[in-house]
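Here is the structure we will look at, set down as structure tokens.
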Amino acid sequence: MLLEQLINGITLGSIYAIVALGFTLVFGVLGIINMAHGEIFMIGAFIGVLVTSVLGLPLWVAFIAAIAVTAILGYMLERIALRPLRGKQGVSHLAPLISTIGVSILLENLSHHIFGAGNHPFQNSFAEIQIQIGSITIYIVQILIFVISIALMLILSYWLSKTKAGKALRATAENLETASLLGVNTKRTITTTVIIASALGGIAGILVGMAFNSVNPQMGLSMGLKGLAIIILGGMGNVKGAMAGGLLLGLAETMIVAYGDSGYRDAVAFITIIVILLVRPQGLFGKNTSEAGR
Amino acid sequence: MLAELLNPYHLQIASFIMINIILGISIYITLSSGQLSLGNAGFMGIGAYTSALLTIHFEVPIIIGVILGALVAGIFGILIGIPALRLSGVYLAIATLGFGEVIRVIFVNWESVTQGAVGLSGVPHLGRELFKTVTAMGFEPEMLGLRNNQVVYLMVLTLLVVINIFLVWFFIRQNKSRVGRAFAAIKMDEKAAESMGINITYYKVLSFTQGALLAGFAGALYAHVMAYISPADFAYHRAIEILIFSVFGGSEVIWGAIFGAAFMTILPEALRVISEYRYMIYGVILILMMAFRPQGIIDVSFLKWLKKMIKFRRGTDHGTGTKKHN
Amino acid sequence: DTTGDGDSKNADGTVTAKIGVISYLSGPGAAYGEAITNGFNLALDEINEKGDVKIELVIEDSAGKQEQALTVAQKLMSDDDIVALLGPTLSTEMNVVAPEADLNGIPIMGTSTTAAGIPQIGEYVFRNSLPESLAIPAALEKAVAAEDAKTVAILYGNDDLFTKSGFDTMKEEAENMGLDILTIETFQKGQSDYNAQLTKIKDLNPDLILASALYNEGAVIMDQARKMGIDVPFVGGNGFNSPQVIEIAGDAAEGLIVATPWFGDKDEPKVQEFVKKYEEEYGAKPDQFAAQAYDALYIMAEGLKNAGEADRDALRDALAEIKDLDGVLGKFSFDKDGDVVMEPTVLVIKEGKFQLFE
Amino acid sequence: MLKVTGIETFYGKIQALKGVSLEVEQGKVVTLLGANGAGKTTTMKTIAGLLKPKTGTVEFLGENITGMRPDQLLRKGIALVPEGRAILSTMTVLENLEMGAYHRNDHDIKKDIEQVMEQFPILKERSEQLGGTLSGGQQQMLAIARALLSKPKLLLLDEPSMGLAPLIVADVFRMIREIKSSGTTVLLVEQNAKQALKVADYGYVMETGKIIINGEAKDLLEDPRIVEAYLGKKSS
Amino acid sequence: MVLELKNITKNFGGISALTDVSFKINKGEIFGLIGPNGAGKTTMFNVITNMFLPTSGEINFLGETISGIKPHKITDKGICRTFQNIRLFSQMTVLENVLVGGHCRSTSGVLSSVFRTKSQRTEEENTRKVATELLELVGLSSYEDVIAENLAYGQQRRLEIARALASNPSLLLLDEPAAGMNETETDNLFELIKKVQQRGVTVLLIEHDMPFVMKLCDRITVLNFGKKLAEGTPEEIQNNPDVIEAYLGSEEDDQIA
Ligand SMILES: Nc1ncnc2c1ncn2[C@@H]1O[C@H](COP(=O)(O)OP(=O)(O)OP(=O)(O)O)[C@@H](O)[C@H]1O
Ligand SMILES: Nc1ncnc2c1ncn2[C@@H]1O[C@H](COP(=O)(O)OP(=O)(O)OP(=O)(O)O)[C@@H](O)[C@H]1O
Ligand SMILES: [Mg+2]
Ligand SMILES: [Mg+2]
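Residue numbers (our numbering), protein chains in the order written: chain A, 795 to 1088; chain B, 10 to 335; chain C, 34 to 391; chain D, 95 to 330; chain E, 80 to 336.
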């Protein structure tokens, strides 16, 4: 059973990690918690359902469609809910939090309106392919999810720390004005980031749909909350931290069900972050930048 | 005439507005020292459950129950506030949100006490208890030409209005004092505030605790106005709702939280005609608000303008010679 | 003067009345509210066509929230023309609204509120929805007998009133029957991954899985269980019983046993006619919520007819007297508390559809 | 090279510039003086594209550049060392320098970084330290070095000597001379009026959002209005 | 003696910002702390106010050790500072800023504030009186109701001094108060600091404006690479070859500039 539970935990954790990567990217660049990320993820899952189950098209089309749609959503999110707030005087740091909550409410209810409140099955033959090892069944999807999450993490962390674009992104994150003085097209950098983050959400959406065969308008909320917990766990804006935090949480949740009380599963994420923050306020992988009295 | 005016529907909404105003103030108070706490739904739950359990099982009078509920929430406020000192900004926000979730999960799982998701029904109803007391003293609703539920809700509302007036008065005075200035200083620059001799530990915990106490108080009142509570009442959505009160109305001034709570309670009712699209519109309003008036509806300059208007109305004969330096 | 019977009775002796409906029409659980209001509307047309009583429905949305349910209830109750309330959808909402209705002396009838204790709130409080305390034992008894089950695992949603109170009944009944409960697992709303719980259950190898879940989650649970290789039957509560389970879970839904007041394939003209009409009107098969709502309005109509006037107190008394009324759910009576008296049917999903479980 | 005509810039409703016109000739050092709050920084920011003027135009090398973004202007050859340094505090010194050369694609970047590090040895020594933990003066040096790495045609310096030790101040002014002799044009804002006028060819003096005096730097040094208002009573 | 620093060392990871620095400040004097950029001057302020705990060493203030005491307690005891990068409460009015400065000289809590007890009212009156007086001293009387952020730079510097004085310190720490000021403004600042000294406040000053420092200070300590390089009167310092080499630069340097 332990082995099976480990597989469950890693699968869940990898999904958490992909969701968290999207959160962390936006936070890293804009210093904003994008509360609509969960809902964008949910829309991605619905696009997957539409393309495969309703239109009967192959899976790769679903991936492309979901990435495209969520990328467009990301663009719109940036244009409508984030850009108008940027650089405006007297804008509290809560404003983007609220406006993205607005987007999340809008998206959730919109999809509820369009798709109905219920669960939609994500039936796809690919999701059925399995490998049998003794009494343990592993689905190809589970392996795929793990591989994709690791790959995304590696690509992102390379991109951020080693490439010029990544540095530009970090500069933008720290100070818009300075970055633009150094020749960074900050508008484009930000838009690109939000689009990439959203597309990550879309990918995660399809993977969840396939893995658990369940897609509904509410799935964004609980996934979003977990994502938040993870980026705190891993250190805000830290890509490796998001990955580690995701896996850690997935495993912890699974193990508490397996060996403890499943009633407390939802609390695990938050109890862990409360404990971790008290020990390391900057998160597991966050940098400690204590400020001097200058 | 009076009977027409006192539509229980309106009284009910007005009562919810009053409770929500307390919640709005609760988040405003913590914000006024620069701490964004999203744990107020959790504190509200603690207050509600404490008071409900005490009144149900130990037949404690409602007033005592409510006060104890608020106090217990306040104690939790201290317990959470102290470690929370190490956190700031979004970290604090998410950690407190997490605290709220943990509290909810405990309510769900601690079935022997809380009945889990089934919730606590049969919580003594504030209005109905008051009603019993006054009828026992010989009062008959017909004497005023009113129906029972009108009297019940009228009494609840009156009580809540009195409480609210007191609270607003209390916090306005506090704000204008040394304590309020310390909160504001910490909000603007913690290190500088510390250098000016402000004990930031004390004041941050104080404002956090005041927020928790108020949220617990509102929760306890809520329990006795609804007469039924369940863990779902104190979940994520509530936390966000409370946040929106303050941010929509304006988080710089206490009037912002008050206005936001009132407006956001009426809005769903006003949009009832188009109920299918209600939440979508709700979302759109939030987005537009932030784009066009991110500081919230009511801010310092709005208040100044309002004061000027009132002065202008009242005293054109005195002249309005306000000196300006800059 | 609005309560006098002069207004409420037409010249030809038909009773005219307004009835308030509180339903969950926006938000995550809106699917239930939609089915319910569909049921009401279908019945409404038929009743008004028949002409014994003329009913007008005033439908309000509660969004599944207690405060809003209470405010709309106040709104409806303060309209003197409204003689009764139908709804609200959720038991949590009912817990808040019913005491208020009782205090104001207006009959209120739940059509989907199945938690324990609701009709006992007051003498104006009724329901026609089959409570879990009737449904679950019926299903469990038949399932245990058929499978010769000794051991069970229980899985339930612990943060929802509906599924939690279903679980309470399930556990009590399982204990009464002397079954060995191997484990009790919970899940939470909005969860999409049940693998951890199911892996644990699989390892324990029970004869039956008792699942107190709403169909949305239930279907996904079954799907994941079957994928994992768990093939024992599931016994579900009231909320699990929906044709949607088959749509969502497909083949994985095979082997779900539920007890229900509502069986859409019943060989009875009344039922078949309802199903046909409903499908024509709304493009989907009616579920039990629609059926219960449909019958509920007929019960109200009967009450109004017997009361002979549109008066809240008269209606209450008339409702309490209702006996053996024929509906799509079968013969219907209220017991002394205002709770439903009815014999549930036990169904199983086999070959892609609900069938009578023998 | 740079021609500013009648710009008016606002902060919300507050008008900070009330029609500023000035000109900077190729290869010259021009200084902009004025009391606190006169609008010097605002002028610099408007030229660099951080603020958009309500009216008026900015021309650079004959092209109208009014309203362009800072990153576009950097590509055209205008670099600003802002007031308050604007170090990227979570990035290392080296990364800060690399960001200075962000828009360049040539192969000399490494060499140029080496070179500025030689000019400011402390930067070499601290190349892995986070920018935010440098002392005030170290940050100022980093900011200047970073701007130089973008190889600008026009360098805008907003109070580069602020907070620097006397030795380093001397260094900074020496460097401004070097920058000039290497062909880069400089527009310099300084509180240290005397020093500024010594390195500059031409000077402008601002007061409450307007240019009130302009002239050859050596003439301004003698101008009694300037001596009284900006050079102080001290005779040292 | 007001302040005595004994063998202060402060390391940040591998970087030693201060190494074994000791000096004493006498009552009523204006004491200068100068040195090249990065010498550790601001760090010294942070150590004195306990914003940073020193790695080793001891600080005595008015005959009592203050090592390890919370920063706000230090202010209580009578040390108050200004910041190198101005840190006013930018959204408050000028008057409110100074009132906050008076925080540690008053005691009223929540209840007495809300119910406006008699002692609270007198205390509040006093705080306001002191604040108005200080604004008068720094020449900002007519700006009481202006939002601090909207003040000109030099005025902000003076407001910071008034705010610090409101805590009624025996020792005032000023971190580069003349930075960014032109010479006229610097002259005004000079007068202000002299006035502060006349009120009996001891001043410890960091500054790079040498004519200003030399004219103002009674004694000066020079730091270089975190170590004490020299100490003495302005004359001694100006003529100290080590200081000239490390910090001041020679006359020729000045000529070039
Ligand atoms: N962000 C802002 N919002 C509102 N007003 C501003 C802002 N920045 C500057 N101002 C105002 O604009 C005017 C010009 O300011 P600016 O910073 O350009 O002056 P300066 O000459 O650079 O002064 P200093 O020598 O202090 O740097 C001042 O009156 C200032 O108060
Ligand atoms: N938090 C920190 N982490 C690492 N190094 C630090 C930190 N704070 C300061 N330093 C280093 O300590 C040294 C002393 O810095 P400090 O700010 O005290 O200099 P200063 O004398 O005030 O210089 P300036 O005159 O330029 O303001 C510098 O080399 C600086 O880089
Ligand atoms: Mg300036
Ligand atoms: Mg310094």
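Here a beta-carbon is modelled for each residue, glycine too, at the ideal position from N, C-alpha and C. Predicted, not measured: the structure shown is a model, and the values here were computed from it.
Test item: CB-CB of residue i and residue j under 9 Å
i: L241 (chain C); j: V268 (chain C); result: yes
i: A96 (chain E); j: T128 (chain E); result: no
i: S97 (chain B); j: S216 (chain B); result: no
i: F168 (chain E); j: A227 (chain E); result: yes
i: A104 (chain B); j: L1071 (chain A); result: yes
i: V823 (chain A); j: T987 (chain A); result: yes
i: L819 (chain A); j: V1033 (chain A); result: yes
i: M1030 (chain A); j: F835 (chain A); result: no
i: L251 (chain E); j: C159 (chain E); result: yes
i: I263 (chain B); j: V171 (chain B); result: no
Same chain only: Cβ atoms within 6 Å of residue i, ignoring 5 sequence neighbours per side
i: K108 (chain C); result: none
i: Y105 (chain D); result: none
i: T103 (chain D); result: A110, L111, T136, T140, L145 and P147
i: I36 (chain B); result: N49, I251 and S255
i: R207 (chain E); result: none
i: V28 (chain C); result: For residue 28 (chain C) there is no data in the structure shown, the boundaries of chain C being 34 and 391.
i: I30 (chain B); result: N173, I267 and A270
Cβ shell of residue i (< 8 Å), same chain only, five flanking positions each side left out
i: D284 (chain C); result: R259 and G385
i: Q289 (chain D); result: S255, V263 and F267
i: I335 (chain E); result: In this prediction, I335 (chain E) has a pLDDT of 41, which is less than 50 and means its spatial position is unreliable; nothing more can be read from the coordinates.
i: K183 (chain C); result: L212, D213 and D240
Nearest candidate by alpha-carbon position, reference residue i, set the options
i: A132 (chain D); options: D:A323, D:A311, D:R319 and D:K304; result: D:K304
i: G93 (chain E); options: D:D252, D:E219 and D:Q209; result: D:E219
i: G305 (chain B); options: A:F1006, A:Y1058 and A:S893; result: A:S893
i: E67 (chain C); options: C:D300, C:L231 and C:D320; result: C:D320
i: N274 (chain C); options: C:N161, C:I55 and C:Y65; result: C:Y65
i: P852 (chain A); options: A:I1068, A:I1065, A:R982 and A:Q917; result: A:Q917
i: P260 (chain D); options: E:N86, E:E324 and E:T144; result: E:E324
Heavy atom of ligand 6 within 8 Å of residue i beta-carbon
i: K134 (chain D); result: Among the ligands present in this structure, namely ligand 1, ligand 2, ligand 3 and ligand 4, ligand 6 is not found.
Which residues DSSP lists as bridging residue i, in chain order
i: E144 (chain C); result: A small fix is needed here, since residue 144 (chain C) is Thr in this sequence, not Glu. The partner list for T144 (chain C) (beta bridge, DSSP) is empty, contrary to what the question assumes.
i: G297 (chain D); result: D:T125 and D:G309
i: D254 (chain E); result: E:I285
i: G190 (chain C); result: C:F220
i: R160 (chain E); result: E:L252
Examine the Cβ distances between the region 221 to 231 of chain B and the region 66 to 83 of chain B and report whether three or more of them are shorter than 8 Å. yes
Below 8 Å, how does it come out for the region 168 to 186 of chain D and the region 200 to 217 of chain D: are there three or more Cβ pairs, yes or no? no
Any 3 or more C-beta pairs closer than 8 Å across the region 49 to 57 of chain B and the region 189 to 206 of chain B: no
Between the region 1001 to 1015 of chain A and the region 819 to 829 of chain A, do three or more beta carbon pairs fall short of 8 Å? no
For the 8 Å Cβ check, are there 3 or more pairs between the region 271 to 286 of chain D and the region 116 to 133 of chain D? yes
Contact the region 234 to 253 of chain B vs the region 861 to 879 of chain A: 3+ CB pairs below 8 Å: no
Three-pair Cβ contact test at 8 Å for the region 299 to 307 of chain E versus the region 110 to 117 of chain E: yes
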